[in-house]
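If you're matching positions, the sequence shown starts at 157 in the numbering used here and goes up one per residue.
A short worksheet on the structure shown next.
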Amino acid sequence: MDSDGLSTVPRQMQALYADVIVPRHIAKAFTYLVPPTLAQTLAIGHRVLVPFGRIVLEGVVISLSHHLATEIKSTSLREIRSLAHAGQTSALSPALFELSRKIAEHYVAPWGQCLRLILPSLATRKTSPARYIVTPQGCAALEAGLCPDDLRPILDRIARRTLGILASTLQATRQGNTVRGIDALINKSWVTLIPSNNANVESQKPHRTPTAGESDRRVPEDGILPTDTPPKIDSSWKAHIAHCLQNNHMKKLVLHASWEHRLHRLADAIQQTHSMKRSALVLTGEIAKASWLTQQLARLTGLQITLAHPSSQSARWPQNQGQTPSVVVGTRSAIFLPLQSIGLIWVEGEEDPALKEPQEPRYHAREVASLRAESEHALVVLASAHPSLESRFDTEAEIHHVPQDVALQPTIELVDLHNESARTLLSHRLIRAMHDALQNRVKILLFLNRKGYAGTLVCRDCGWVPRCESCIVPLTYYREAGRLTCRYCGKADRLPDLCPSCCTPHISPVGGGTERVETEVRRIFPQANVARLDGDTLRHSASAQALREGARSGVWDVLIGTQALFSREPLPRYGLVGILQADSGLHVSDFRAAERTYHLLIDATNLACPASAGGRVIVQTRLPAHHAVQALISGDPNQFYNEEFTARQLLHYPPICHLADLSVTGQNLRTGEEAATRWGADLEQNAHDQKPLIVLGPVPAMRRPSKGRQQYRLLVKGTDRIALSRRIHDSVQNMEREYRKGQIKFLVDIDPVENG
157 MDSDGLSTVP
167 RQMQALYADV
177 IVPRHIAKAF
187 TYLVPPTLAQ
197 TLAIGHRVLV
207 PFGRIVLEGV
217 VISLSHHLAT
227 EIKSTSLREI
237 RSLAHAGQTS
247 ALSPALFELS
257 RKIAEHYVAP
267 WGQCLRLILP
277 SLATRKTSPA
287 RYIVTPQGCA
297 ALEAGLCPDD
307 LRPILDRIAR
317 RTLGILASTL
327 QATRQGNTVR
337 GIDALINKSW
347 VTLIPSNNAN
357 VESQKPHRTP
367 TAGESDRRVP
377 EDGILPTDTP
387 PKIDSSWKAH
397 IAHCLQNNHM
407 KKLVLHASWE
417 HRLHRLADAI
427 QQTHSMKRSA
437 LVLTGEIAKA
447 SWLTQQLARL
457 TGLQITLAHP
467 SSQSARWPQN
477 QGQTPSVVVG
487 TRSAIFLPLQ
497 SIGLIWVEGE
507 EDPALKEPQE
517 PRYHAREVAS
527 LRAESEHALV
537 VLASAHPSLE
547 SRFDTEAEIH
557 HVPQDVALQP
567 TIELVDLHNE
577 SARTLLSHRL
587 IRAMHDALQN
597 RVKILLFLNR
607 KGYAGTLVCR
617 DCGWVPRCES
627 CIVPLTYYRE
637 AGRLTCRYCG
647 KADRLPDLCP
657 SCCTPHISPV
667 GGGTERVETE
677 VRRIFPQANV
687 ARLDGDTLRH
697 SASAQALREG
707 ARSGVWDVLI
717 GTQALFSREP
727 LPRYGLVGIL
737 QADSGLHVSD
747 FRAAERTYHL
757 LIDATNLACP
767 ASAGGRVIVQ
777 TRLPAHHAVQ
787 ALISGDPNQF
797 YNEEFTARQL
807 LHYPPICHLA
817 DLSVTGQNLR
827 TGEEAATRWG
837 ADLEQNAHDQ
847 KPLIVLGPVP
857 AMRRPSKGRQ
867 QYRLLVKGTD
877 RIALSRRIHD
887 SVQNMEREYR
897 KGQIKFLVDI
907 DPVENG
């Protein structure tokens with residue numbers, strides 16, 4: 157249906173029709189008759205209430221016309237009920253409205269789902285569902301081992317999830333022992349039910365913003381955080397930022413620098429943006445990091461900095477479009493806030509996978525930041541200590557590299573584990589270094605990005621490995637708990653006494669985790685004060701807070717951790733850093749394995765003191781010649797980027813091309829595989845005179861979906877992102893016409909960040 161434009165509809169006696177998008181997984185719009193009471197005022201972008209089947213939904217008008225499409229009969233149309241909100245709040249910002257349309261095209265998602273991003277209240281329910289959450293008493297009982305064996309699995313399952321578990325999820329099991337277990341836990345005050353009308357347990361008050369000049373006393377003065385002598389910002393950078401802000405065009409910069417340099421450059425850019433009476437938006441992957449960043453920026457700039465928590469956006473922002481704060485820090489969803497006159501969008505830690513939305517529409521905040529900056533004529537800065545290859549080789553971006561001062565770098569030593577015992581976790585050199593450090597009261601950090609006691613178990617006789625029945629991945633062995641747990645779905649099994657395959661008792665752990673490292677350190681250094689910081693020890697809020705406070709204040713002689721060490725605010729520096737298995741992340745089926753390994757190695761190394769202060773990093777590896785390890789040793793990031801880029805060229809992976817991860821979920825194995833095969837063939841055959849696509853698969857998904865359904869995946873490569881999205885959009889429509897709704901589900905993830 158043709159649009160008559162964005163302006164208010166003139167007075168006319170003839171019928172007026174509106175195409176309305178509703179928040180459903182439906183690609184098309186629905187046509188409604190505009191009632192006479194709205195004909196004079198209704199405009200594109202207005203939020204309206206419309207009948208949809210037996211219910212009423214809130215939708216958005218995307219076009220208006222006095223003419224109907226030939227296939228639509230006017231007698232079958234239903235009327236729009238009313239505007240969804242009175243006054244100005246009924247109209248969407250034209251810029252955000254257009255942004256939602258671009259996201260729908262870019263990520264091959266229904267427009268209605270994309271409109272929900274800029275209008276969270278478009279969800280069909282106004283309240284969150286009821287949830288069971290663990291109380292502080294329950295956390296204490298779980299940690300102290302006071303929970304009876306029959307109740308522990310239920311309590312542990314709820315405690316593993318920060319937001320608790322939906323009541324409907326547990327009730328759907330229809331198992332009497334689960335229901336009785338929940339009742340028993342509630343009677344003990346270990347679990348409580350949060351009713352549906354206030355179940356937004358994600359909501360939290362923003363951290364208090366320090367006044368200008370006030371220090372953040374939660375962080376030690378000798379840490380890697382900002383000090384009274386901030387790094388010097390060269391005048392050319394300041395002048396360039398000013399030029400970009402004054403220029404009425406979108407500009408993209410990639411800032412490759414250490415945390416100290418990024419933070420002070422961010423503060424300077426915010427002050428310049430504020431002086432020009434334009435808004436600044438800062439995005440980061442985690443809310444905890446955003447909260448800490450809010451405090452630091454307030455301290456450095458003296459400005460009011462607002463933390464945009466995801467749970468509060470729908471309630472607070474639409475009513476304040478005219479008086480939005482000039483500086484906002486938030487997670488990925490903050491990119492859709494209705495800020496006025498945006499001059500700066502800063503993406504901090506642009507390589508963080510948390511910036512990618514896991515649910516439909518699967519947008520990446522880094523890419524959406526560029527889309528929004530185009531319409532706002534704003535400056536985009538993608539900042540990182542180790543930029544992604546996509547940003548590092550972005551032809552549309554300027555690269556600004558601030559090399560780390562040589563005087564601040566630690567001494568880095570390499571240990572080839574081929575010269576050590578096959579089962580060792582701590583090399584002889586590292587043990588000697590730890591002994592010397594403890595004698596001299598030097599703090600030690602040991603990094604291993606694998607939690608649990610061992611990667612898994614294996615039968616030495618037949619090679620049997622315990623696997624999750626749902627996810628098909630090896631189960632992780634936890635010695636303290638005496639259980640095997642799936643790292644994906646959390647399902648736990650007891651340890652078998654005998655191998656279920658050959659009935660022998662020769663089952664042994666393979667590969668060390670942080671739990672095993674802790675055991676070894678306590679055995680070798682019984683007098684040391686040791687702590688472990690990983691996804692297991694941080695599961696409960698009380699213990700997590702104590703661990704992080706101890707890490708910040710330097711209580712622990714030896715701190716053992718995974719990448720959870722880097723997920724919040726920066727930690728203080730350590731005199732000795734041991735990287736136990738530098739190559740452990742390289743042995744996964746992901747083309748980004750080397751890149752992510754390099755990022756983690758850089759993050760761990762950055763926690764070491766300078767060599768002038770005795771800072772020392774010992775890197776243990778079985779792949780000493782790998783370019784990720786060699787680039788770390790040499791201190792030259794270009795060595796890694798150039799070699800990795802060459803490898804991506806040979807294998808035809810991003811940033812050389814764009815990817816689409818397609819999944820087909822069916823009721824049975826045969827139907828799902830058949831649909832996936834036909835989908836791949838449709839993509840390959842419909843090339844016409846366009847550039848061909850490379851289609852890999854289909855293959856069974858690593859993780860099976862729930863309810864016993866089967867899933868297959870396809871990986872599609874294309875050099876032209878726009879053409880790739882259009883081709884997939886057309887193919888999805890073809891496939892959905894062929895298969896009955898509910899029988900097969902087709903999902904699209906453009907530019908995925910996880911592959912495996």
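Each residue gets a CB set at the ideal place from its N, CA and C atoms; glycine is no exception.
Every value quoted in this text rests on a predicted model; they were computed, and no experiment measured them.
Quick check on DSSP: helix, strand or coil for residue i?
i           : result
residue 712 : coil
residue 747 : coil
residue 889 : helix
residue 569 : strand
residue 427 : helix
residue 445 : helix
residue 260 : helix
residue 615 : strand
Could you pull the start and end residues of the beta strand (DSSP E) that residue i belongs to?
i           : result
residue 186 : 186-189
residue 231 : Here residue 231 belongs to no beta strand (DSSP E), and DSSP marks it neither H nor E.
residue 868 : 866-874
residue 502 : 498-504
residue 539 : 535-540
What residue range does the alpha helix (DSSP H) around residue i cover?
i           : result
residue 840 : 825-841
residue 785 : 783-790
residue 687 : No alpha helix (DSSP H) holds residue 687; the beta strand (DSSP E) holding it covers 686-689.
residue 268 : 267-274
residue 306 : Run containing residue 306: none; DSSP gives neither H nor E here.
residue 797 : 793-807
residue 592 : 584-595
residue 399 : 391-402
residue 530 : 521-532
By alpha-carbon positions, which one of the options ends up nearest to residue i?
i           : options            : result
residue 734 : 647, 630, 673      : 673
residue 391 : 256, 424, 416, 410 : 424
residue 869 : 832, 878, 881      : 832
residue 291 : 240, 348, 258, 267 : 348
residue 270 : 305, 184, 573, 484 : 184
residue 173 : 195, 181, 180, 179 : 195
residue 728 : 622, 618, 598      : 598
residue 905 : 818, 865, 490      : 818
residue 731 : 796, 566, 231, 679 : 566
residue 554 : 540, 533, 407, 786 : 407
residue 779 : 288, 791, 742      : 742
residue 250 : 528, 682, 789, 571 : 528
Is residue i near residue j, with beta carbons less than 8 Å apart?
i           : j           : result
residue 603 : residue 736 : yes
residue 494 : residue 265 : no
residue 744 : residue 556 : no
residue 816 : residue 872 : yes
residue 606 : residue 718 : yes
residue 840 : residue 851 : yes
residue 456 : residue 485 : no
residue 235 : residue 304 : no
residue 714 : residue 773 : no
residue 935 : residue 548 : The requested residue 935 is not part of the displayed model; the chain covers only 157 to 912.
Taking the beta carbon of residue i as the centre, do at least 16 other beta carbons fall within 10 Å, making it buried, or is it exposed?
i           : result
residue 110 : Within the shown structure, residues of the chain are numbered from 157 to 912, placing residue 110 beyond reach of any answer.
residue 227 : exposed
residue 685 : exposed
residue 641 : buried
residue 302 : exposed
residue 821 : buried
residue 295 : buried
residue 912 : Residue confidence is low: residue 912 scores 49 on pLDDT, short of 50, so the model does not pin down where it sits. No coordinate-derived value is stated.
residue 559 : exposed
residue 615 : buried
residue 658 : exposed
residue 432 : exposed
residue 209 : exposed
residue 765 : buried
residue 412 : buried
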